[in-house]
Amino acid sequence: MRVVFRILLIVALSFAALLSYMVGFENQFIYFPDQVVQQRPSDIGLQFEETYFQAADGERLHGWFMPRQAARFTVLHFHGNAGNISHRLSLYHRWHMMGLSVFAFDYRGYGKSTGKPDEMGLYDDARAAWLQLTENRGISPKAIIITGRSLGAAVAAKLAGEVEAAGLALETPFTSIPDMAAYHYPMLPLRWLVRSQYDIETMVKSLHMPLLLVSAGNDEIVAAGMAGRIFAAANEPKTQQLLTGGHNDFDMRSDRAYSKTWLNWLKQLPAL
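Reading the sequence shown from the start, the letters are residues 0 to 271 in numbering that gives the first Met the number 0.
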């Protein structure tokens, strides 16, 4: 009996230690920033303006504005949880070829931006980026498309609930961090312990702007049913597209279908 008790005690203590570690270092399981900017837009032939601006709490953020002559819309992009804006140049080029201007920036702690990432901080960064476009550059809110991929979809949805924009595009979104924790660690009660929420499913319920939701058919990170739940919760007008590919490469593997999806959706947006 003593042996069994000791084994159970060791298992219980190990389980508790693992939970404590994962909860205590939660942000290390969510954010994977890279401070090294590997390329610039000019390296792939894109004209750009480098810009620095401040979040409300004083963190210094770095971004690129990539104008397209006679662009109808400007894409305000919120990237995923890893790397930095220099790893998304092919995406910016693709949007540029669609006739769109692009403003991309790094959250706090990513690339050349100062600070450390957390949920409230990323929301503040999004607000600062919005003001950079609307107030500093004088771009009409009705000419801005808010878009985000993966973690960035949550940041985009949060901002979309606070401003008026031409539309919102969510790519490979998840329903919420508690849902993601339960999906990836089903044996642990992390759903009830995580502090970060990023609850996209709840956010979209209050939105009333054109929505494009793009998901990956072979997504290895986000559970298959999450995109459908978000789309069901969203209000009209809304468009959903499932593309071939994984979480991080669907736009490359489905290059033509991705561009066609975006171009068709852009045609549906209200005239300025």
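We treat Cβ as the ideally placed atom computed from N, Cα and C, and that holds for glycine.
Where residue i sits in the DSSP three-state scheme
i	result
Ser100	strand
Phe230	helix
Gly82	strand
Pro177	helix
Phe249	helix
Pro185	coil
Pro32	strand
Gly23	helix
Met171	For the sequence presented, residue 171 should be read as Thr rather than Met. Residue state, collapsed to three classes: coil.
Glu219	coil
Thr113	coil
Phe89	The sequence given here places Ser at residue 89; Phe does not occur at that position. It is helical.
Ser195	coil
Ile43	helix
Arg1	helix
His95	helix
Arg190	helix
N- and C-terminal bounds of the beta strand (DSSP E) containing residue i
i	result
Gln267	Unbroken run through Gln267 is the alpha helix (DSSP H), Asp254 to Gln267; no beta strand (DSSP E).
Leu60	Arg59 to Met65
Glu48	Glu48 to Gln53
Beta-carbon separation (whole angstroms), residue i vs residue j, contact threshold 8 Å
i	j	result
Glu49	Ser195	With a Cβ gap of about 30 Å, Glu49 and Ser195 do not count as contacting.
Trp264	Leu212	That belief does not hold up - the Cβ atoms of Trp264 and Leu212 are roughly 10 Å apart, past 8 Å.
Asn80	Tyr30	6 Å
Arg107	Asp124	6 Å
Val101	Thr73	7 Å
His183	Ser112	27 Å between Cβ atoms; not a contact.
Ala159	Leu206	6 Å
Ile145	Ala152	Not confirmed; about 10 Å, so no contact.
Ala103	His86	So it is not a contact: roughly 11 Å between Cβ atoms.
Leu272	Asp250	Nothing about residue 272 can be read from this structure; the chain reaches only from 0 to 271.
Leu150	Met21	Not quite, the Cβ-Cβ distance comes to about 18 Å (not below 8 Å), so this is no contact.
His246	Ile220	4 Å
Glu200	Ala232	5 Å
Ala256	Leu242	6 Å
Of the listed residues the options, nearest to residue i (C-alpha basis)
i	options	result
Asp254	Glu58, Pro40, Asp56 and Met96	Met96
Pro140	Tyr122, Asp178, Lys157 and Glu163	Glu163
Thr171	Leu268, Ala142, Leu45 and His78	His78
Gln68	Tyr91, Gln46 and Arg87	Gln46
Glu118	Glu134, Leu189 and Ser175	Ser175
Ser41	Pro116, Trp129, Leu88 and Ile138	Leu88
Gly114	Ile145, Ala55 and Ala270	Ala55
Pro32	Pro116, Arg59 and Glu58	Pro116
Ala127	Phe28, Phe52, Thr243 and Ser214	Phe52
Asp178	Ala168, Val193, Leu167 and Leu169	Val193
Gly110	Ile143, Val35, Trp129 and Ala142	Val35
Val203	Leu169, Leu99 and Ile43	Leu169
Arg59	Gln239, Asn234, Asp218 and Gln131	Gln131
Lys237	Gln27, Ala180, Met208 and Lys157	Met208
Bridge partner(s) assigned by DSSP for residue i
i	result
Ile144	Val74 and Gly166
Gln239	Leu212
Thr201	Answer by DSSP bridge pairing: none, since Thr201 is not bridged.
N- and C-terminal bounds of the alpha helix (DSSP H) containing residue i
i	result
Val154	Leu150 to Ala159
Arg126	Glu118 to Leu130
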